[in-house]
Each structure stands twice: as structure tokens, then as C-alpha cells.
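Since the structure comes first, as C-alpha cells, the remarks are kept for the end.
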Amino acid sequence: MDKRWIGLLPLLAAACSQAPAYRPPQMAMPAKFADADKVWGEAQPAVPATDKAWWHAMGDPALDAMEERLEKDNPNLAAILAKHRLAMAALRQSKAAQMPDVESSGSLTRNRESDDRPLRGATQPSYYEADTTSASVSYELDLWGRVRDTVKAARANAQASADDAAALRLSLQADLASTWAAMRGADLEIAILSDAVEAYRRADDVTHHRYDGGIANGIDVGRADAQLADAQAQLAQVRAQRGVLAHAVATLAGIPAGEAKFAPLSGSLGVLSVPAALPATLLERRPDIAAAERRMYAANRAIGVARAARFPQISLGGTGGFQSMAVASLISAPNAFWALGPQFTMPIFDGGRVKARIESARADWDAASANYRSSVLQAMREVEDGLTSMDQLQQEGAAQTRAATAAGQASKLSYELYIKGANTLLDVVTAETAELAARRRAAQVATQQVQTSIALVRALGGASV
Numbered sequence: 053m054d055k056r057w058i059g060l061l062p063l064l065a066a067a068c069s070q071a072p073a074y075r076p077p078q079m080a081m082p083a084k085f086a087d088a089d090k091v092w093g094e095a096q097p098a099v100p101a102t103d104k105a106w107w108h109a110m111g112d113p114a115l116d117a118m119e120e121r122l123e124k125d126n127p128n129l130a131a132i133l134a135k136h137r138l139a140m141a142a143l144r145q146s147k148a149a150q151m152p153d154v155e156s157s158g159s160l161t162r163n164r165e166s167d168d169r170p171l172r173g174a175t176q177p178s179y180y181e182a183d184t185t186s187a188s189v190s191y192e193l194d195l196w197g198r199v200r201d202t203v204k205a206a207r208a209n210a211q212a213s214a215d216d217a218a219a220l221r222l223s224l225q226a227d228l229a230s231t232w233a234a235m236r237g238a239d240l241e242i243a244i245l246s247d248a249v250e251a252y253r254r255a256d257d258v259t260h261h262r263y264d265g266g267i268a269n270g271i272d273v274g275r276a277d278a279q280l281a282d283a284q285a286q287l288a289q290v291r292a293q294r295g296v297l298a299h300a301v302a303t304l305a306g307i308p309a310g311e312a313k314f315a316p317l318s319g320s321l322g323v324l325s326v327p328a329a330l331p332a333t334l335l336e337r338r339p340d341i342a343a344a345e346r347r348m349y350a351a352n353r354a355i356g357v358a359r360a361a362r363f364p365q366i367s368l369g370g371t372g373g374f375q376s377m378a379v380a381s382l383i384s385a386p387n388a389f390w391a392l393g394p395q396f397t398m399p400i401f402d403g404g405r406v407k408a409r410i411e412s413a414r415a416d417w418d419a420a421s422a423n424y425r426s427s428v429l430q431a432m433r434e435v436e437d438g439l440t441s442m443d444q445l446q447q448e449g450a451a452q453t454r455a456a457t458a459a460g461q462a463s464k465l466s467y468e469l470y471i472k473g474a475n476t477l478l479d480v481v482t483a484e485t486a487e488l489a490a491r492r493r494a495a496q497v498a499t500q501q502v503q504t505s506i507a508l509v510r511a512l513g514g515a516s517v
């Protein structure tokens, strides 16, 4: 070995990363959720394990088909998956710097030399050939970890892009399921209002018949007509809302609005169950937290890349080949040439450019750390909100069901008394209006329960049981 190369060995032995030790910010985690007696441990984000089929528990095959269509045809999801492929390509490019760079070149030229070229010899020919073939090898000695940290940062960014795709996928899945639940809730209200319209139409006919017989007065007729018209107006309004929701479902699934037709749902959707325990591992499933953590790690490695610019950049290189004035004798020992040795560049004065890059990298780290903390706090809030809403909606749903049952009984009794002449139409209208409102509100609460369970599953990163 050339003795001049021995001096590089201590540098090789001392090769190390310039990035600071990676220490994610410590989050103050509560011992348990405020609205659930469940232990809360400190989360260390990992690769999310999102259950892609959590919506199956809602029990609607048509929704399953739309979720599958979303996976294939949603343009927003396709765009972010393309960004992930871009990040993976950037990772492969950064990895290439860890390998030697080998290039080859060659040329076959015929040249004419100027007669008046300075220092031209008298015996030099005016015409000559210059044929060359060569290859070169260069390899950077990553003494300060610049290349390694660049690769680690690129890998973390690629992982973050995958988490971004998972986060958007989960968000789109939840949006589709929630919109679907709203559409199915509109189906329930349409059924309730349709029943009410038919009942009010029969009552209106009875009132007109009684009026013709001199039993009812004009006020009763007006009240019956107004009640029927109001129910018809409510029915038209809910049908319009249902149409808008159907368009939203189609758009999320990548279908032009108006092309997809969804038959009304005869039953109700199932409320997604929440895991009996909510350990920190469920928050680890959230892809947005995982993405924030990976970007924080990438920012940490970027500090090392910026710091490494203060030190010499050393590379080993070599060039060799053949050069001749005739192709026939090109590949021969006398025409061989080569050069071998290390090269280095070292900043001496850059006007503070390196220092500014280091400060910029540290600022990126601070921003990434703050974003990570924000993601964790937002996740905790969403889980707390979901648990609180689920508990209250369960109580509200039970109470509203009782109210609807009682209002239905009162409405039936009031109408029977009216037919017997023991009650006024005003009492009937009041009772029937209360029944319709109670039944609609019960249906709305049931829809809210489904949507809240979807939001809670989304807050838990797609986990359901």
C-alpha cells in the first residue's frame, strides 16, 4: 500500500455522524382518559397497523363495495400514493451515494492541426487521429456521516410519506363511512316522513269528510291541510339532502356524481364497537403520529448533514484507459494510461453559508418536534371527544326512543278520541307533530351514534373490534 494512504486510516477509524442524539420530546400523558376508566400509557409511535376492513362491522355490503371502489378509484389517494413512490425514488438516489461511482467513456476523432498553432513542431502532422477509451471510479469516504445521515433522512421521509398515504386512506375511508351513515340516516327519516305523509293524508280526508257532514269546522280543515303540507315539505327537504349525500359518496368512491344509484336501506347500520381497553398502542396505530415522528427523525439527521459540511469531503478515485493515434493499436500496453489517488475539498470561507444551513436544519427540527407534539395532543383530544360523545349519545338515544314510543301512544290515543268526538283536531295535530319530531330525532341520534363510532375508530387509527 502507498505510504501516503496510511494517513487516511485514523480518519476512517474516526468516522462518525454529526447528527445530535435522537431524543423525541417527552409528552405529559394522563394516567387515564377522563371519560373512560382505562389506563393510558406513553406512546412511542410505530408503523401503523390500520385495519382496512373496520367498516365491515357496520353490516352493509353496499358500503363495503364503495370502500373497495374508493381504494381503486379515489384520485386524492392515487395522488398521495404517487408522492410516496417519489419519496421512495429519492431514497434510492440517496442510497446510490454509498456505492462507488463507475463511468466509462470513449472517443474516435480525426483532427487537423492549425499551421499557425503556437509551438507547433516542424515534424508534427497536420492531420492525425486521437482515439481514447477510459473508465473512472470514485468513492466518497463518508468520514463525517454526511452520506449515511442523508440516507437515513431520506428513508425516514419515505416512511413518513407511506404514513401520509395511510392517514389519507383512513381519513377517506372514515369520510365515506360517515357520509354513508348520513345517507342511510336520511333513508330512515324519509321512511318516517313517508309514513307520516300517508297518515296525515288519511286524516286530512277524514277531516274534509267530517267538514262536509257538518261535524268539523273550517279551522280543522285548515289545520289538517297545513299539517299534511308541512310533512310533505319536510319529506322533499330530506330527499334533497339524501341526493346530495349520495353525490358525495359517489365522488369519494371516484364515481361521477349522478351515475351511482343507491337503493334505500331497509334497516339500520351497526354502531362500531370500541375496544374494551385503550392502551397507548392504539394511538401508535395513528398514521399521522407515525408520520410526524418520522419527519422529526429526518430533521434530526438533516442537522448531521448540515454539520458535516464544515469538514473536508474526501473521495478516492482512479482513471485508466488507452489512448492512441490509430484504432488498430488502441488496446495495447504501451498506450495505457492511469491515475489513482485521493481528492478532497474543504471549505475555508463561505460567507456563513454552512452556519446558516445548520441553523436552518435546527429550525426544521424544532418545527418537526412541535408538529409531533401537536399530533399527539390532537389525537388525545379526538379520543376524549369520541368517548364523551359516545357516552352521551347512548343516554340520549335511549331517552329519545322512550320519547318516540310515548309520543306515538299519545298520538294514537288523541286521534281515537277525536274520531269519537271527545277531542279537538288541535290536540291531534299537536300530538302527531310531537310524535313525528320524536321519531325523526330518534333516527338522527341513531345516525349520530354510528358517525361518532366512526370518528372514534378513526381517532384510534382504524382499530375496532
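Under the numbering used here, think of the first position of the sequence shown as 53, with each following residue one higher. All residues carry an ideal CB built from backbone N, CA and C; glycine is no exception.
From Ala342, Thr303 and Asn269, residue whose alpha carbon lies closest to that of glutamate 311: Working through the sequence shown from its first residue, we reach residue 311 at position 259. Check the Cα spacing between glutamate 311 and each of Ala342, Thr303 and Asn269: the tightest is with Thr303.
The region 444–458 / the region 244–253 touching (three or more Cβ pairs under 8 Å): The region 444–458 vs the region 244–253: no contact.
DSSP bridge partner residues for valine 192 (one or two, in chain order): Taking the sequence shown and counting its residues from 1, the one referred to as residue 192 is at position 140. Note that residue 192 is glutamate in the sequence shown here, rather than valine. Glutamate 192 is bridged to Ser367.
Secondary structure of alanine 98, DSSP reduced to three states: Here residue 98 corresponds to residue number 46 of the sequence shown, with the count starting at 1. For alanine 98, the predicted structure reports a pLDDT of 42, less than 50, and the residue's modelled location is therefore unreliable. The matter cannot be settled from this model.
Residues of its chain near leucine 297, where Cβ-Cβ distance is below 7 Å and the 5 sequence neighbours each way are ignored: Position 245 of the sequence shown holds residue 297. Sequence-distant partners of leucine 297 (beyond 5 residues in either direction) whose C-beta falls short of 7 Å from its own C-beta, in its chain, are Thr231, Ala234, Met235 and Ala238.
Where the beta strand (DSSP E) through serine 159 begins and ends: Residue numbering aside, residue 159 sits at position 107 when the sequence shown is read from its first letter. Run containing serine 159: 153–164, per the beta strand (DSSP E) assignment.
Opposing strand residues paired with proline 394 [DSSP bridges]: On the sequence shown, residue 394 is found 342 positions in, with the first residue counted as 1. Per DSSP, the beta bridge partners of proline 394 are Leu368.
DSSP beta-bridge partners of phenylalanine 389: Locating residue 389 in the sequence shown gives position 337, where the first residue counts as 1. According to DSSP, which records beta bridges pairwise, phenylalanine 389 is partnered with Gly373.
Secondary structure of serine 186, DSSP reduced to three states: As a working mapping, residue 186 is identified with position 134 in the sequence shown. Of the three classes helix, strand and coil, the one that applies to serine 186 here is strand, per DSSP.
Euclidean distance between Cα positions of alanine 139 and alanine 419: What you label residue 139 is simply residue 87 of the sequence shown in a count that begins at 1. What you label residue 419 is simply residue 367 of the sequence shown in a count that begins at 1. Going by the C-alpha atoms only, they are around 21 Å apart.
Contact with chain B by threonine 397, beta-carbon distance below 8 Å: Looking for chain B here will not work: only one protein chain is present.
Which of helix, strand or coil DSSP assigns to glutamate 181: By 1-based counting over the sequence shown, the position of residue 181 is 129. Glutamate 181: strand per DSSP, three-state reduction.
With 16 other Cβ atoms within 10 Å as the buried cut-off, status of glycine 514: Working through the sequence shown from its first residue, we reach residue 514 at position 462. Note on glycine 514: 16 or more other CB atoms within 10 angstroms of its CB, so buried under the neighbour-count rule.
Of the listed residues Leu512, Gln150, Tyr349 and Gly404, nearest to valine 428 (C-alpha basis): Counting from one through the sequence shown, the residue named residue 428 turns up at place 376. Looking at the Cα atoms, Leu512 is the closest of the given residues.
Alpha-carbon to alpha-carbon, histidine 299 and threonine 504: In the sequence shown, counting from the first residue as 1, residue 504 sits at position 452. In the sequence shown, counting from the first residue as 1, residue 299 sits at position 247. Answer to the nearest angstrom: the Cα atoms are 22 Å apart.
Supposed contact pair serine 186 and serine 156 - C-beta distance, whole angstroms, cut 8 Å: Within the sequence shown, the letter at position 104 stands for residue 156. Within the sequence shown, the letter at position 134 stands for residue 186. Confirmed, about 7 Å.
Per-residue DSSP class, three states only, for tyrosine 424: Locating residue 424 in the sequence shown gives position 372, counting from the first residue. Assigned with DSSP and collapsed to three states, tyrosine 424 falls in helix.
Alpha helix (DSSP H) runs wholly inside the region 252–311, at least 4 long, in chain order: Runs of the alpha helix (DSSP H) inside the region 252–311: 270–304.
Rounded C-alpha distance that separates alanine 342 from alanine 148: Your numbering for residue 342 matches position 290 in the sequence shown. Your numbering for residue 148 matches position 96 in the sequence shown. Approximately 26 Å, taken between the alpha carbons.
As assigned by DSSP and simplified to three states, the class of tyrosine 349: The residue labelled residue 349 in the question sits at position 297 within the sequence shown. In the three-state scheme derived from DSSP, where H, G and I count as helix and E and B as strand, tyrosine 349 is classed as helix.
Coarse secondary structure for asparagine 126, derived from DSSP in three states: Indexing the sequence shown from 1 puts residue 126 at position 74. If DSSP states are grouped into helix, strand and coil, asparagine 126 belongs with coil.
Cutoff 7 Å; reference arginine 221; Cβ partners in own chain excluding five residues on either side: Here residue 221 refers to the residue found at position 169 of the sequence shown. Contacts found: Leu129.
Nearest candidate by alpha-carbon position, reference arginine 294, set Ala315, Gly274 and Ile307: Mapped onto the sequence shown, residue 294 falls at position 242. Nearest option by C-alpha distance: Ala315.
Residues of its chain near isoleucine 471, where Cβ-Cβ distance is below 8 Å and the 5 sequence neighbours each way are ignored: Within the sequence shown, residue 471 is the residue found at index 419, counting from 1. If the five residues before and after isoleucine 471 are omitted, its C-beta is found closer than 8 Å to the C-beta atoms of Val258, all from its own chain and listed in chain order.
Nearest-angstrom Cα separation, counted from arginine 433 out to serine 367: Position 315 of the sequence shown, counting from 1, holds the residue named residue 367. Position 381 of the sequence shown, counting from 1, holds the residue named residue 433. Roughly 52 Å between the two C-alpha positions.
Alpha-carbon spacing of proline 76 relative to alanine 422, whole angstroms: Along the sequence shown, read from residue 1 onward, the residue named residue 76 stands at position 24. Along the sequence shown, read from residue 1 onward, the residue named residue 422 stands at position 370. Cα to Cα, proline 76 sits roughly 10 Å from alanine 422.
Integer-rounded CB distance, given that serine 146 should sit under 8 Å from threonine 184: Translated into the one-based positions of the sequence shown, residue 184 becomes position 132. Translated into the one-based positions of the sequence shown, residue 146 becomes position 94. Rounded to whole angstroms, the Cβ separation of threonine 184 and serine 146 is 33 Å, and the two are not in contact under 8 Å.
Rounded C-alpha distance that separates proline 97 from phenylalanine 389: Locating residue 97 in the sequence shown gives position 45, counting from the first residue. Locating residue 389 in the sequence shown gives position 337, counting from the first residue. The predicted model places proline 97 with a pLDDT of 43, which falls under 50 and marks its position as unreliable, so this point remains unresolved.
Option in Thr397, Leu280, Glu181 and Ala208 with minimal Cα separation from alanine 378: Position 326 of the sequence shown holds residue 378. Looking from the CA of alanine 378, the closest CA among Thr397, Leu280, Glu181 and Ala208 belongs to Glu181.
Within 8 Å, strictly: CB atoms of leucine 228 and valine 323: Residue 228 sits at position 176 when you count from the first residue of the sequence shown. Residue 323 sits at position 271 when you count from the first residue of the sequence shown. No; because the gap between Cβ atoms is not below 8 Å, this pair is not in contact.
Three-state secondary structure assigned by DSSP to lysine 472: One-based indexing of the sequence shown puts residue 472 at position 420. Judged by DSSP in its simplified three-state form, lysine 472 adopts coil rather than helix or strand.
Assigned exposure category for valine 154 - 16 Cβ within 10 Å defines buried: Counting from 1 along the sequence shown, the entry for residue 154 is found at position 102. Around the C-beta of valine 154, fewer than 16 other C-beta atoms lie within 10 Å, and the residue is accordingly described as exposed.
The alpha helix (DSSP H) enclosing leucine 488, as first and last residue numbers: The sequence position of residue 488 within the sequence shown is 436, counting from 1. It spans 477–511 - the alpha helix (DSSP H) in which leucine 488 sits, taken as one unbroken run.
Within 8 Å, strictly: CB atoms of alanine 71 and aspartate 194: The residue you call residue 71 lines up with position 19 of the sequence shown. The residue you call residue 194 lines up with position 142 of the sequence shown. The Cβ atoms of alanine 71 and aspartate 194 lie no closer than 8 Å to each other.
Alanine 361 (DSSP reduced to helix, strand or coil): Residue numbering aside, residue 361 sits at position 309 when the sequence shown is read from its first letter. DSSP places alanine 361 in the coil class of the three-state scheme, outside both helix and strand.
Sequence-distant residues of its chain with Cβ nearer than 6 Å to alanine 486 (five each side left out): Taking the sequence shown and counting its residues from 1, one reaches residue 486 at position 434. The beta carbon of alanine 486 sits closer than 6 Å to the beta carbons of Ala459 from its chain, once the five residues preceding and following it are set aside; these are given in chain order.
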